[in-house]
Amino acid sequence: MLSFMYRHQLDVPAAIIAVVLVSHFQLRIPFAETFLFLQNQDPMTGLYSKAWTDFNFIGFWIVVFTFLRAFMMTMVLKPFAVWAGVKKEHQQNRFQEEGWVCIYYSISWTLGMYVLRTSPVWNNWTFWFKPEALFEGYPHTALPHVMLWYYYVQLAFWLQQIFVLHIEAPRKDFWALLAHHTVTLLLISGSALSNFWRAGNVVFVVMDLADIILAFSKSMKYLGVSNRICDVFFGTFMVTWLYTRHYMYAYILHGFMFTAYEMIPFELDISQGKWYCRELAWLPILGLALLQVLMVYWFALILRILVKILKGHSAEDERSEDEAEPVELVEKKKVVN
């Protein structure tokens with residue numbers, strides 16, 4: 004099954020997307036619109052709430068991301084790498100992977116910051132959010148369209164990343180990445196279920212910024228940009244990671260450990276969207292703490308790279324496997340076995 008999906012990342016998703024679009028715009032089949040648009044809108048307020056049809060929307064976006072990733076990598080990024088003079092196939096493939104990540108996170112972070120800036124949670128450009136605002140007015144069951152759309156698209160992206168993780172060339176921290184993706188999916192789906200949308204939005208933007216800089220830095224390295232320039236980007240990435248993923252993130256974790264206890268009464272009333280009770284309150288704390296443990300592990304690898312740079316070496320990704328073997332060959336081995 005994985006082998007089939009790997010070989011048909013463009014044609015099968017394109018066919019599914021075409022069927023849905025034709026079903027809605029040409030055949031006018033009512034059910035088709037559940038794959039394209041959010042459904043549960045309050046006509047009085049214009050706000051949206053969760054609905055069972057949201058699963059169709061999320062599933063469709065998983066297909067869209069599979070197509071977009073394959074299209075961008077094969078039709079845009081690989082030709083660009085060849086044009087830029089990247090000779091080795093495994094370096095071309097790595098550039099495609101990092102280029103796609105850079106493009107996606109740049110868009111998702113920008114949209115996430117827009118959602119944050121237009122919400123009551125926004126603070127300022129120095130420290131993006133007011134921790135107590137994450138929990139004011141809980142539960143948040145009615146949301147602006149852009150926020151719910153953004154949240155579900157992010158969930159679809161991370162679900163699709165599980166597939167990506169199994170077709171990309173393996174890295175030394177494969178199991179850490181798998182754990183990260185699993186915890187991330189549990190946090191996203193759990194926050195959506197329990198109506199902690201505001202906290203989820205903040206976690207997204209806090210996590211995404213460093214990924215943009217890292218992916219851009221690695222893309223430049225695969226294009227043969229000078230080590231000095233790549234090292235400057237790496238330094239920027241390191242400072243950004245430390246500030247967003249450890250300092251800002253600590254306030255989110257602290258909020259669930261203490262502020263939420265002070266601001267939200269313990270009550271389990273699913274009909275009202277209230278999921279904050281003694282039996283469940285520890286779950287987001289556990290998930291956020293596990294994610295922080297993984298980030299501490301990766302920051303230790305970052306520090307190892309910093310030491311190499313200070314010793315006069317160039318920045319190398321500590322997570323990458325030996326690249327003597329072409330990535331394409333590694334991928335074929337993985338999908339066949």
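Once you know that position 84 of the sequence shown is 87 in the numbering used here, the rest is easy, because the numbers rise by one and skip nothing. We treat Cβ as the ideally placed atom computed from N, Cα and C, and that holds for glycine.
Self-check item: Inter-residue Cα distance where the pair is Tyr51 and Ile267
Solution: Numbered from its first residue, the sequence shown carries residue 51 at position 48. Numbered from its first residue, the sequence shown carries residue 267 at position 264. If you draw a straight line from the Cα of Tyr51 to the Cα of Ile267, it comes to about 23 Å.
Exercise. Return yes when the Cβ of Glu101 is within less than 8 Å of the Cβ of Lys175, no when it is not.
Key: The residue you call residue 175 lines up with position 172 of the sequence shown. The residue you call residue 101 lines up with position 98 of the sequence shown. Judged by their CB atoms, Lys175 and Glu101 are not nearer to each other than the 8 Å cut-off.
Self-check item: Residue range of the beta strand (DSSP E) that includes Trp125
Solution: Counted from its first residue, the sequence shown places residue 125 at position 122. Taken as a continuous stretch (DSSP letters only), Trp125 belongs to no beta strand (DSSP E), as it is neither H nor E.
Quiz item: Which of helix, strand or coil does DSSP assign to Lys53?
Solution: As a first step, residue 53 must be located in the sequence shown, where it is residue number 50. Coil, per DSSP.
Practice problem: Alpha carbon to alpha carbon, how far is Tyr252 from Trp125? Give it in angstroms, no decimals. | Solution: Reading the sequence shown from its first residue, position 122 is the one you call residue 125. Reading the sequence shown from its first residue, position 249 is the one you call residue 252. Their backbone Cα atoms lie some 15 Å apart in a straight line.
Quiz item: DSSP three-state call for Glu270: helix, strand or coil?
Solution: Sequence index remark: in the sequence shown, residue 270 carries index 267 (1-based). Glu270 falls in the strand class under three-state DSSP.
Quiz item: Could you give the residue range of the alpha helix (DSSP H) that holds Lys277?
Solution: Start at 1 with the first residue of the sequence shown, and residue 277 comes out as number 274. Premise fails: Lys277 lies in the beta strand (DSSP E), 277 to 279, not in any alpha helix (DSSP H).
Quiz item: Does the distance from the CB of Trp278 to the CB of Ser197 come in under 8 Å?
Solution: Residue numbering aside, residue 278 sits at position 275 when the sequence shown is read from its first letter. Residue numbering aside, residue 197 sits at position 194 when the sequence shown is read from its first letter. Yes, Cβ-Cβ distance for Trp278 and Ser197 is below 8 Å.
Exercise. Let me know the secondary structure DSSP gives Phe261 once reduced to three states.
Key: In the sequence shown, the residue the question calls residue 261 occupies position 258. Here Phe261 sits in helix by DSSP.
Practice problem: List the whole-angstrom C-beta distance separating Leu80 from Gln99, where the pair is believed to meet the contact cut-off of C-beta under 8 Å. | Solution: Mapped onto the sequence shown, residue 80 falls at position 77. Mapped onto the sequence shown, residue 99 falls at position 96. Gln99 and Leu80 do touch by the CB rule: their CB atoms are close to 4 Å apart, below 8 Å.
Quiz prompt | Residue interval of the alpha helix (DSSP H) (run including Leu286) | solution = Indexing the sequence shown from 1 puts residue 286 at position 283. First-last of the alpha helix (DSSP H) with Leu286: 285 to 313.
Quiz item: Roughly how many angstroms separate the alpha carbons of Val66 and Phe130, rounded to a whole number?
Solution: Numbered from 1 along the sequence shown, position 63 holds the residue referred to as residue 66. Numbered from 1 along the sequence shown, position 127 holds the residue referred to as residue 130. A straight-line Cα-Cα distance of about 35 Å links Val66 and Phe130.
Quiz item: Looking at the structure shown, is Leu30 part of a helix, part of a strand, or coil, going by DSSP?
Solution: Within the sequence shown, the letter at position 27 stands for residue 30. Here Leu30 sits in coil by DSSP.
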